[in-house]
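All remarks here apply to the structure that follows.
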Amino acid sequence: METNSQWVDIETSEGKFGAYLSLPRGGKGPGLVLLQEIFGVNQHIRNVADQYAADGYVVIAPDLFWRQGERIELGYDGDDWQRAVALMQATDFAKAQQDIADTIKVLRTHVGDSKIASIGYCFGGRLSFHTAANGYVDAAVAYYGGGIQNALERAPEIKVPVLMHFGAADSHIPLDAVKSIAEAFDSNEQVEIHVYEGAEHGFNCNHRGSYNQRAAAEARGNSLVFLSEQL
1 METNSQWVDI
11 ETSEGKFGAY
21 LSLPRGGKGP
31 GLVLLQEIFG
41 VNQHIRNVAD
51 QYAADGYVVI
61 APDLFWRQGE
71 RIELGYDGDD
81 WQRAVALMQA
91 TDFAKAQQDI
101 ADTIKVLRTH
111 VGDSKIASIG
121 YCFGGRLSFH
131 TAANGYVDAA
141 VAYYGGGIQN
151 ALERAPEIKV
161 PVLMHFGAAD
171 SHIPLDAVKS
181 IAEAFDSNEQ
191 VEIHVYEGAE
201 HGFNCNHRGS
211 YNQRAAAEAR
221 GNSLVFLSEQ
231 L
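With the UniProt record's numbering as the guide, the letters of the sequence shown map in order to residues 1 to 231.
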């Protein structure tokens, strides 16, 4: 299915920033706010946006590093890795959440009364979790969301369906952390957690050495089923 993609402006009280918008061929559908890794709205994130747009979703990926530089795109090794970590550490988390809220307002103009979900990867996975806790979306997907285990005091605030994906071989998110997350949501039937054997951090990204085709395919299938049920 063909998609139509472009960069659009998101207005905020501090100025404006860009977001990558990808529309399905029909131009309409449920909404997805796609939350980036620490490497910016790079080619991989834009590919993911187009992939979900091809599945019939209206997808928007906000440039959450805009205060530090417009449309920063980084690779996954060496100096790019170091810069990505520095960008994440310098990001004001509260402002990033407000940027997501402002992005969702723009997404709403494209989807009308249709439901909206967030989907995020790594840094964006943690943001997706908080987006759900903030009540900004109707459902949320979080891929290897580092730091979720340190924010479980927000677990009671999760009132919408949430799907989380983790890799069993993730060196950044130990299985003990995943276990603590699962225990925090043990009584919440709306929260679904999948752990993929042999999968490392970033297993969904086919631009990275840690890409795991089987885990990526299974997680995407689980995500599509989840989104079709919730949106």
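Beta carbons are placed, not taken as given, at the ideal position from N, Cα and C, and that holds for glycine.
As assigned by DSSP and simplified to three states, the class of residue i
i    : result
G112 : coil
M1   : Only weak support is given to the placement of M1: the predicted model assigns it a pLDDT of 49, under 50, and the value that follows is read from those uncertain coordinates. Residue state, collapsed to three classes: coil.
E200 : coil
K159 : coil
V41  : coil
T12  : strand
A61  : strand
G147 : coil
Y52  : helix
A139 : strand
A169 : coil
D186 : coil
I119 : strand
Q6   : strand
G27  : coil
Cβ shell of residue i (< 7 angstroms), same chain only, five flanking positions each side left out
i    : result
A169 : G198, A199, E200
L74  : F39, G40, N42, D80, R83, A84
F185 : A155, V191
A90  : Q68
Q149 : A177, S180, I181
Pair within 7 angstroms by beta-carbon distance, residue i and residue j
i    : j    : result
P62  : D99  : yes
L32  : V8   : no
F123 : Y144 : no
P174 : S114 : no
A49  : L64  : no
S128 : A151 : no
Y76  : I104 : no
Y196 : A177 : no
I116 : D138 : yes
Span separating the alpha-carbon of residue i from that of residue j
i    : j    : result
R46  : G125 : 16 angstroms
I193 : A182 : 7 angstroms
N134 : S118 : 12 angstroms
Y57  : R220 : 14 angstroms
Q36  : H207 : 14 angstroms
S210 : F203 : 5 angstroms
G15  : S5   : 23 angstroms
N44  : E11  : For the record, residue 44 in the displayed sequence is His; it is not Asn. One C-alpha to the other measures close to 25 angstroms.
W66  : V111 : 25 angstroms
I72  : L87  : 10 angstroms
S187 : G146 : 22 angstroms
Y20  : S228 : 22 angstroms
F17  : G27  : 23 angstroms
A94  : V225 : 31 angstroms
E70  : V106 : 19 angstroms
Q51  : H130 : 24 angstroms
C205 : G78  : 17 angstroms
Close-in-space but distant-in-sequence residues of the same chain around residue i (CB under 8 angstroms, 5 per side omitted)
i    : result
S171 : E200, H201
S223 : I119, V141, L163, H165
A96  : L64, L127
Same chain, Cβ closer than 6 angstroms to residue i, five either side skipped, listed in chain order
i    : result
M1   : Note on M1: pLDDT 49, under 50, position unreliable in the model; no value is reported.
A132 : A140, I158, V160, V162
A109 : Before going further, note that residue 109 is Thr rather than Ala in the sequence given. Cβ within range, chain order: n/a, list empty.
Y121 : E37, Y143
E153 : none
N212 : A199, F203
Cβ-heavy atom distance, residue i to the ligand SAM, below 6 angstroms
i   : result
D92 : Absence of the ligand SAM is noted for the structure shown, with no ligands found whatsoever.
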